[in-house]
Structures are given as structure tokens and as C-alpha cells.
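Each residue of the sequence shown is one higher than the last, beginning at 1 in UniProt numbering. Idealized CB from N, CA, C, for every residue including glycine. Written out below as C-alpha cells is the structure these notes cover.
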Amino acid sequence: MKRFIPLILIIIAIILFFSFGLQQYLSFNALQENNQILQQFTKNHFIVAALSFCLLYIISVTLSIPGATLLTIAGGLLFGSFFGTIFVVISATIGACLLFLAVRTSFGELLSNKAGPRLKQLEAGFQENSFNYLLTLRLIPIFPFWLLNIAPALLKMQLKPYTIATFLGIIPGSFVYVSLGDGLEHLFSLGKTPDLSIIFRPKILIPIIGLAVLSLLPVLYKKIKQK
């Protein structure tokens, strides 16, 4: 039963999070209401604010709590595009790895044998080209982020390629939303909220798809060479 302890702790944390109603703080209204306080605190205590933000982001990703997009935008609001992207990418990668390890430790082969049809769609690609396949899926927002944190663990992907593919794959999307948050102050002054569908606009999505296609070229070359 020791192998289930990490996952049990995550489930308990999720229950406590929603039991205390903490999800109400992960909203644009809450961010707007506390904007000035957060801005001032970040200005006076940058390191503490950065560490607190990273810790909150890691917890959010590990628990798969809805609100990662809001936190990403908040990172741009508080730290700017450069530092915000760095903090978001590092924190998201750490959180994803923690959830990956918890699932792999707890279930491993048991769930991979009983996976549903959606998970089975991912299985074929992970068997042979796990790094390139995960990198492509991280770049293109087809599957939910939490599913791509869990699926590789069930499909026996190694931690190192998982970590690298996750880190590289989330950079473009994170930068888009962090940059959106960098201009959030102006939107707040107008009483507006950001357009979260911005990443699906052709001028942004097409370059990201191009990167995804490039990540699959080694797989295509390998298959052609084998034939």
C-alpha cells in the first residue's frame, strides 16, 4: 500500500482545496480586486513573491486544479513576459513531473492495461517515439494538460525524456499567455478580461503547429529509413 501514498496525498489535498472554497481565488475577479496589493508586494519583495508564485503554480499543476491558465496570465501581470515565462515553465514542469511520479508509483502497469479509448489513442505513439510524440502533443493544445501529465506515466515513459519534452513543449504556449498577462493592467483599466482563445488564432497557432511538425521529422525520417 505504500506505493499509493503519493496519490492519496494528492487526492486529500484536492478535497481540502475545494472544501475550503479556495477555487474562488483562482478567478479574474479575484485577480483584479487584489491586483494593486499583489503588484506592490511583488515590487517590494520580488524574490518572496516569485518563490510563492512558483510554489502555488507547482501545487496547482500537481493537483490538476483548474486555474493554470489564470496563474500563467498572472505571472505575466506580476513579473513581465521574460521572468513570467521562466517561472511558469519551470513550475509547470516540476508540477507535471510530481504528478507523473505519483501516478507511475501508484498504478503503473495496472491502469495501462485498463485504459479507456482516449488513452489508447496515445499509446501507439509512446511505444516507440515517446519524446517526439509528447513534445508534439505539448506544443499543440489538443489534449488537456493534466491528461498529458498522467498518460505517459501509464504508458511507461521514462522520467528524463518526459521532463525535457514537457519543458520544451510548453514554452510557446506559456509565452503567449504570459505576454497576454503582461498587458492585463490595461485591460483591467478598461474593465475587460483577456481573450483566452488567442492561442487558436492563425497567426499564433500556425507557427506553433510548425514547431510540432518539426518535432515529428526525426520520427518520419526514422520510419522512411527503416522502409
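So residue i packs on residue j, CB below 8 Å; how close in whole Å?
i           : j      : result
PHE107      : ASN149 : Not a contact, Cβ separation roughly 13 Å.
LEU216      : PRO172 : LEU216 to PRO172, Cβ: 15 Å. No contact.
ALA165      : PHE131 : 5 Å
residue 228 : LEU137 : Past the edges of the chain, shown from 1 to 227, lies residue 228, and the structure says nothing about it.
Please state whether the Cβ-Cβ distance between residue i and residue j is less than 7 Å.
i      : j      : result
GLY169 : LEU135 : yes
SER174 : THR62  : no
ALA102 : PRO6   : yes
Excluding sequence positions up to five away, which residues of its chain have a Cβ less than 6 Å from the Cβ of residue i?
i      : result
TRP146 : SER64
THR85  : SER174, PHE175, VAL178
Which residue from the options puts its Cα closest to that of residue i?
i      : options                       : result
GLY80  : PRO207, GLN39, ALA13          : GLN39
ALA98  : LYS160, SER27, LEU70          : First, the residue type needs correcting, since residue 98 is Leu and not Ala in the sequence shown. It is LYS160 whose Cα lies nearest to the Cα of LEU98.
GLY21  : PRO66, ILE37, ASN129          : PRO66
THR105 : ASN129, PHE83, LEU154, PHE143 : LEU154
GLY183 : GLN32, ASN129, ILE15          : GLN32
LEU205 : ILE142, ILE5, ILE47, LEU26    : ILE142
ILE47  : TYR133, PRO152, PHE83         : PHE83
PHE87  : SER27, THR69, ALA50           : ALA50
Under 7 Å Cβ to Cβ from residue i, same chain only, skipping five residues before and after it: list those, please.
i      : result
GLN24  : ALA30
THR163 : THR93, CYS97
Can you list, in chain order, the residues of its chain with a C-beta nearer than 8 Å to that of residue i? Leave out the 5 residues immediately preceding and following it.
i     : result
LEU70 : LEU26, SER27, PHE28, LEU31
Query raised in the report: Would you call the stretch 42-61 and the stretch 76-93 touching, i.e. three or more CB-CB distances under 8 Å?
Result: Taking a cut-off of 8 Å for Cβ pairs, the stretch 42-61 and the stretch 76-93 touch, as three or more such pairs fall below it.
Report task. Would you check if the stretch 71-87 and the stretch 169-180 touch, i.e. whether three or more CB-CB distances between them fall below 8 Å? Result -> Look at the beta carbons and you see the stretch 169-180 touching the stretch 71-87: at least three pairs across the two are nearer than 8 Å.
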